[in-house]
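Written out below as C-alpha cells is the structure these notes cover.
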Amino acid sequence: MTTFKTDQYACPACSKEFSAQTVLTLSHRGQDSDFFPHYVGENPLPFFLVQCPACSYAAYPEDYDPEKKKERRVATGFIKRTMALPLAKKMPAEALRFFLSARIYEETERNPYHIANLYLRGSWCCRIEEARKAELELQQLAIRHFKLALDKSTLKNPDNVPVVTYLIGELYRRLEDKKSAREWFFNVPEVVLDSEQHWILELTQKQAELNEYSIN
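Numbering (this note's numbering), first residue to last: 299 to 514.
Now the structure itself:
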C-alpha cells in the first residue's frame with residue numbers, strides 16, 4: 299500500500315515556495331524484467347519527484363535542500379526549452395516529470411547512474427500509459443547513461459555493476475536489438491564478484507534465452 303506525506307519546498311530555479319506530496323511507504327508484488335515494480339495500491343512513481351508548480355523544475359526531494367540550492371540551480375529558460383523538445387511533447391505527464399529531472403541532472407553534471415535511473419523510471423511511466431514510442435526513446439537514453447556510468451566508474455556499490463550490465467542487455471532486448479542484448483548478457487558473468495548475486499546470473503540466462511527466440 300502506498301502512503302504519502304506533505305512537505306514544504308523552495309524551488310532552486312525560481313525560488314517559488316510550495317507544498318508537495320512525496321512517498322512515505324510503498325509495497326509491491328513482483329516486477330518486470332527491467333525491475334519495474336508491480337506496486338500495490340496507488341502508483342507512487344509520480345511522487346518520487348517534487349515538481350515546482352511555477353516553473354516545472356523537477357527533482358528528488360533532497361535536491362531541494364537549501365544548502366544544495368546553488369549546485370542544483372538551472373535557468374528557467376532551460377526548463378522551458380526542455381519542455382518544448384519533440385520527445386517531451388509526446389510523453390505522459392508522469393513520464394515528463396522524470397524526463398525533466400534527468401535533463402536537469404545532465405545540465406548540472408550529476409552522476410550518470412542517477413540520470414539513467416530517471417530515464418528508466420520515465421520509461422516505466424510510459425509503459426503504464428501505453429505510450430510505446432516515448433517508452434522506447436527513454437529506454438535508449440537510459441542505456442546511454444548506464445553505459446557512461448560503467449565507463450566512468452561512477453557506481454559507488456560494486457554489486458551494482460552486474461545489475462547495470464544485465465539491465466543494459468535487457469533494455470536492448472526490449473528495443474529488439476538482439477545483437478547488442480546478446481553482447482551485454484554475455485558480459486554479466488564476467489563482472490559478478492559476489493556469490494550471493496547468483497540471482498542476477500539466473501535472470502540473465504532466462505532473458506538471454508528469450509532474446510534468442512525474439513520474445514519481448
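Where a beta carbon is used, it is the ideal one built from N, C-alpha and C, also for glycine.
Of the listed residues the options, nearest to residue i (C-alpha basis)
i: Phe-345; options: Lys-367, Ile-402, Val-461 and Ser-317; result: Ser-317
i: Gln-319; options: Leu-347, Glu-427, Ala-400 and Phe-484; result: Leu-347
i: Pro-364; options: Gln-306, Pro-460, Leu-473 and Glu-481; result: Gln-306
i: Leu-398; options: Phe-333, Cys-350, Arg-430 and Glu-427; result: Cys-350
i: Thr-380; options: Arg-401, Glu-474, Ser-512 and Tyr-417; result: Arg-401
i: Arg-471; options: Lys-450, Asp-449, Tyr-511 and Asn-455; result: Tyr-511
i: Thr-374; options: Phe-396, Lys-476, Glu-405 and Lys-387; result: Glu-405
i: Glu-481; options: Asp-361, Phe-334 and Glu-507; result: Glu-507
i: Lys-476; options: Phe-396, Gln-505 and Leu-501; result: Gln-505
Separation of residue j from residue i, as counted between CA atoms
i: Leu-499; j: Asp-330; result: 16 Å
i: Glu-407; j: Pro-359; result: 18 Å
i: Phe-483; j: Glu-468; result: 8 Å
i: Leu-439; j: Pro-410; result: 11 Å
i: Leu-367; j: Pro-310; result: The question names Leu, but residue 367 is Lys in the sequence shown. Approximately 5 Å, taken between the alpha carbons.
i: Glu-494; j: Asp-457; result: 10 Å
i: Gln-419; j: Ser-354; result: First, the residue type needs correcting, since residue 419 is Arg and not Gln in the sequence shown. Looking at the two C-alpha atoms, the distance is approximately 18 Å.
i: Val-489; j: Gln-503; result: 15 Å
i: Ala-356; j: Lys-431; result: 23 Å
i: Pro-487; j: Leu-465; result: 13 Å
i: His-326; j: Pro-335; result: 6 Å
i: Thr-452; j: Lys-387; result: 31 Å
i: Glu-474; j: Gln-437; result: 12 Å
i: Lys-378; j: Val-372; result: 11 Å
i: Phe-333; j: Tyr-362; result: 27 Å
i: Ser-478; j: Phe-376; result: 33 Å
i: His-496; j: Lys-454; result: 20 Å
Exposure label - residue i; buried when at least 16 CB within 10 Å
i: Leu-322; result: exposed
i: Pro-342; result: buried
i: Leu-394; result: buried
i: Pro-460; result: buried
i: Gly-339; result: exposed
i: Asn-273; result: No information on residue 273 is available, as it lies outside the stretch 299 to 514 that the chain covers here.
i: Glu-392; result: buried
i: Ser-421; result: buried
i: Ala-382; result: exposed
i: Leu-491; result: exposed
i: Thr-301; result: exposed
i: Asp-449; result: exposed
6 Å Cβ shell around residue i - same chain, five flanking residues per side excluded
i: Arg-425; result: Glu-433
i: Thr-304; result: Ser-317 and Gln-319
Contact with chain D by residue i, beta-carbon distance below 9 Å
i: Ser-493; result: Among the chains in the structure shown there is no chain D, since it carries only a single protein chain.
Same chain, Cβ closer than 7 Å to residue i, five either side skipped, listed in chain order
i: Ala-414; result: Ala-440, His-443, Phe-444 and Ala-447
i: Pro-390; result: Cys-423, Cys-424, Glu-427 and Ala-429
i: Leu-324; result: Thr-300, Tyr-337 and Pro-342
Close-in-space but distant-in-sequence residues of the same chain around residue i (CB under 8 Å, 5 per side omitted)
i: Glu-435; result: Leu-385
i: His-412; result: Tyr-403
i: Ala-352; result: Cys-309, Cys-312, Lys-314 and Phe-316
i: Glu-369; result: Thr-406
i: Thr-463; result: Leu-448, Trp-482, Asn-485, Val-486 and Val-489
i: Tyr-417; result: Phe-396, Phe-397, Ala-400, Leu-436, Gln-437, Leu-439, Ala-440 and His-443
i: Leu-501; result: Ser-331 and Tyr-464
Requested in this report: For the region 300-337, list the alpha helix (DSSP H) runs that are entirely contained and at least 4 residues long, ordered along the chain.
Outcome: Fully enclosed alpha helix (DSSP H) runs of 4 or longer: not present.
Query - 4-residue-minimum alpha helix (DSSP H) runs that sit fully inside the region 331-393, ordered along the chain - result: Those alpha helix (DSSP H) runs which fall completely within the region 331-393 and span 4+ residues are 367-370, 374-381 and 384-387.
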